[in-house]
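Here is the structure:
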């Protein structure tokens, strides 16, 4: 049975507290302004036990490939180099980024939307994406 996210792209429709989240990560003013002005699209694909998560916007595209529970090297959209691990709980993917500072992104997929909850320290950002048909 296919996963609810298979074959779908999710386009951002709402963003709450993203500027504060980027500030907490140490992102500079200019990059924060660019980040706040984009509406990225997210796609998750699976090939065997390997996943590929593509986040694309008019500014930049990020592609990460991973296996659940295995640590991998990641360069974030803001240029940080972190050690990441992604685990799954049903349709929820928990993406932990070990760096300075540490951050967590929880992406919860359903057939209509993706809700991404991003946390660094005591700052939380929520971004909602609508499934594109």
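Numbering (the numbering used here), first residue to last: 67 to 199. Glycine residues also receive a C-beta, built at the ideal position from the N, C-alpha and C atoms.
Exercise for review: Figure out for me which residue from 103, 133 and 126 has the closest Cα to the Cα of residue 110.
Suggested key: The count along the chain shown starts at 1 and reaches residue 110 at position 44. That would be 133, whose Cα lies nearest to the Cα of residue 110.
**Study point:** Those runs of the beta strand (DSSP E) which lie wholly inside the stretch 113-181 and span at least 3 residues
**Key:** Listed in chain order, the complete beta strand (DSSP E) runs (minimum 3 residues) inside the stretch 113-181 are 116-122, 127-133, 138-141, 147-155, 158-164 and 169-175.
Point to revise | Run of the beta strand (DSSP E) containing residue 81, from where it starts to where it stops | key: By 1-based counting over the chain shown, the position of residue 81 is 15. Start and end: 75-82.
Check your understanding: On the premise that residue 76 lies in contact with residue 104, defined as a C-beta separation below 8 Å, what is that separation, rounded to the nearest angstrom?
Key -> The residue you call residue 104 lines up with position 38 of the chain shown. The residue you call residue 76 lines up with position 10 of the chain shown. Actually they do not touch by this definition, with Cβ atoms about 14 Å apart.
Practice item. Select from 172, 124 and 74 the residue whose C-alpha is nearest the C-alpha of residue 158. Key: Residue 158 sits at position 92 when you count from the first residue of the chain shown. Closest option to residue 158, Cα to Cα, is 172.
Exercise for review: Alpha carbon to alpha carbon, how far is residue 115 from residue 97? Give it in angstroms, no decimals.
Suggested key: In the chain shown, residue 97 corresponds to position 31, counting from 1. In the chain shown, residue 115 corresponds to position 49, counting from 1. Spanning the alpha carbons of residue 97 and residue 115 requires a straight line of approximately 34 Å.
Exercise for review: Express the C-alpha separation of residue 181 and residue 81 in angstroms, rounding to a whole number.
Suggested key: For this step, residue 81 is matched to residue 15 along the chain shown. For this step, residue 181 is matched to residue 115 along the chain shown. Roughly 10 Å between the two C-alpha positions.
Review point. Using a Cβ-Cβ cut-off of 7 Å (strictly less than) and excluding sequence neighbours within five positions of residue 79, which residues of its own chain qualify?
Key: Translated into the one-based positions of the chain shown, residue 79 becomes position 13. So the qualifying residues of the chain are 194, 195 and 196.
Check your understanding: Mind checking residue 90: buried by the 16 CB within 10 Å criterion, or exposed?
Key -> The residue labelled residue 90 in the question sits at position 24 within the chain shown. Residue burial annotation: residue 90 is buried, with at least 16 other C-beta atoms found within 10 angstroms of its C-beta.
Point to revise | Pick from 131, 165 and 70 that is closest to residue 145, judged by C-alpha positions | key: One-based indexing of the chain shown puts residue 145 at position 79. Of the candidates 131, 165 and 70, the one whose C-alpha sits nearest the C-alpha of residue 145 is 165.
Check your understanding: Are there 16 or more other CB atoms within 10 angstroms of the CB of residue 121, so buried, or fewer, so exposed?
Key -> Taking the first residue of the chain shown as 1, we reach residue 121 at position 55. Residue 121 is buried by the Cβ-count criterion.
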